[in-house]
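Worksheet: the structure to be examined is printed underneath.
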Ligand SMILES: [Zn+2]
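In the working numbering, the protein residues as written are 1369 to 1736.
Structure representation (structure tokens):
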């Protein structure tokens, strides 16, 4: 028995951004605050949106940090209140969309960022229109938002049905200017999301189908998008892979590789997806031992078994220039026991099919 419910309306395709006025017509919103990544501001997104939605863009908030902060969220809250925004338009990567989601909930409750990230009962939010400019986070189709409070040393994940963007306009053209290193890291996140979803105890046949579709697209197109940033077909297929994986893991949540990543990011500054990809090969091997679905998925993807899939995953990581060892990450091995402890303490560790002991996780990390 399972339930699948993802309420985001997805509009997909090269040039779909140009149809935003028609898409939004039926909702009757009159005033928007735009939250845009600095690279999108540089590319002229504010002017473009103002020309597509004349008189309706009341303010543009930017300077969102890679790990969005309570300060970023407060900036959005203030702008939304000042301009009495009917909805928020978020254009950027996961950080931009995550910051917009937290603010959308805070505005309705009339509270600040620090209060909303502690709120376990988020039941209302301003509508969000999400336009991803990277292919990876899939925040455009998920109910999750991760916000940092640097002063208090907290990184909190909030989630709630109302945080699903109302509309996702997924326009691969927005990703054409994404530099190779960002393409690589975002793209490997797609693979981590799909394999974490398959390795989640919440897996179901629909989420598995979405994950397999996303994995096929990503294995066939990520390197091409990395090497040829203007390859329209590769960019489109990666955007599709990201959103498809996102719809899947919006239901299952992530598992092992993400559980291990958080401490690597917060303590050592390793970028989110590079931290996830670091151990992904080992999580799928552990999960294959407890669930034959992993081998079936590997065969569906054209591999002999999960071991062959893990091998290809490592080959791909290497070709994309991602770190493979603790030495390459610049992390001393003395931290291995603490990394194992933090992995087990992460909320989504309990989602992982294989429940390893601390010693088993330590042994797994010692091979890196
Ligand atoms: Zn991720």
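We treat Cβ as the ideally placed atom computed from N, Cα and C, and that holds for glycine.
These figures come from a predicted structure and were not determined experimentally.
Would you call the CB atoms of residue i and residue j closer than 9 Å?
i, j, result
"residue 1654", "residue 1722", "yes"
"residue 1639", "residue 1434", "yes"
"residue 1513", "residue 1453", "no"
"residue 1534", "residue 1377", "yes"
"residue 1511", "residue 1623", "no"
"residue 1501", "residue 1408", "yes"
"residue 1402", "residue 1459", "yes"
"residue 1677", "residue 1658", "no"
"residue 1590", "residue 1545", "no"
"residue 1508", "residue 1493", "no"
"residue 1556", "residue 1685", "yes"
"residue 1405", "residue 1464", "yes"
"residue 1374", "residue 1615", "yes"
"residue 1426", "residue 1399", "yes"
"residue 1421", "residue 1456", "no"
"residue 1667", "residue 1539", "no"
"residue 1438", "residue 1517", "yes"
"residue 1472", "residue 1483", "no"
"residue 1697", "residue 1648", "no"
"residue 1496", "residue 1531", "yes"
"residue 1612", "residue 1578", "yes"
"residue 1506", "residue 1630", "no"
"residue 1481", "residue 1445", "yes"
"residue 1554", "residue 1610", "yes"
"residue 1662", "residue 1583", "no"
"residue 1744", "residue 1523", "This structure does not reach residue 1744, given that the chain is present from 1369 up to 1736, and the question cannot be answered."
"residue 1733", "residue 1694", "yes"
"residue 1594", "residue 1660", "no"
"residue 1585", "residue 1608", "yes"
"residue 1692", "residue 1646", "yes"
"residue 1596", "residue 1382", "no"
"residue 1587", "residue 1519", "no"
"residue 1485", "residue 1449", "no"
With 16 other CB atoms within 10 Å as the buried threshold, where does residue i fall?
i, result
"residue 1746", "Residue 1746 lies beyond the stretch modelled for the chain, which goes from 1369 to 1736, so this question has no answer here."
"residue 1689", "exposed"
"residue 1600", "exposed"
"residue 1627", "buried"
"residue 1369", "exposed"
"residue 1462", "buried"
"residue 1738", "Nothing can be reported for residue 1738, as the shown portion of the chain is limited to 1369 through 1736."
"residue 1436", "buried"
"residue 1727", "exposed"
"residue 1700", "exposed"
"residue 1650", "buried"
"residue 1469", "buried"
"residue 1741", "Here the chain covers residues 1369 to 1736 and nothing more, so residue 1741 does not appear."
"residue 1735", "exposed"
"residue 1604", "buried"
"residue 1440", "buried"
"residue 1672", "exposed"
"residue 1642", "buried"
"residue 1687", "exposed"
"residue 1625", "buried"
"residue 1598", "exposed"
"residue 1371", "exposed"
"residue 1731", "exposed"
Residues bridged to residue i by DSSP?
i, result
"residue 1516", "1437 and 1523"
"residue 1458", "1403 and 1498"
"residue 1694", "According to DSSP, which records beta bridges pairwise, residue 1694 is partnered with nothing at all."
"residue 1738", "Because the chain here runs from 1369 to 1736, residue 1738 falls outside it and cannot be looked at."
"residue 1449", "DSSP, once it has assigned bridges, lists no residue as partnering residue 1449."
"residue 1720", "1568"
"residue 1380", "1538"
Is there a C-beta anywhere in chain B that falls below 9 Å from the one on residue i?
i, result
"residue 1701", "Going by chain labels, chain B is absent from the structure shown, which holds only one protein chain."
Complete runs of the alpha helix (DSSP H) confined to the region 1585-1649 [at least 4 residues]: If we require 4 residues or more, the alpha helix (DSSP H) runs fully inside the region 1585-1649 come out as 1600-1620 and 1624-1636.
Cβ contact (3+ pairs, closer than 8 Å) linking the region 1542-1562 and the region 1423-1432: No contact exists between the region 1542-1562 and the region 1423-1432.
Check whether the region 1567-1586 touches the region 1715-1733, counting contact only when three or more Cβ pairs, one atom from each stretch, lie closer than 8 Å. Result yes; three or more Cβ-Cβ pairs closer than 8 Å.
Take every Cβ of the region 1670-1687, pair it with every Cβ of the region 1706-1717, and state whether three or more of those distances are shorter than 8 Å. Flag = no, the region 1670-1687 and the region 1706-1717 do not touch.
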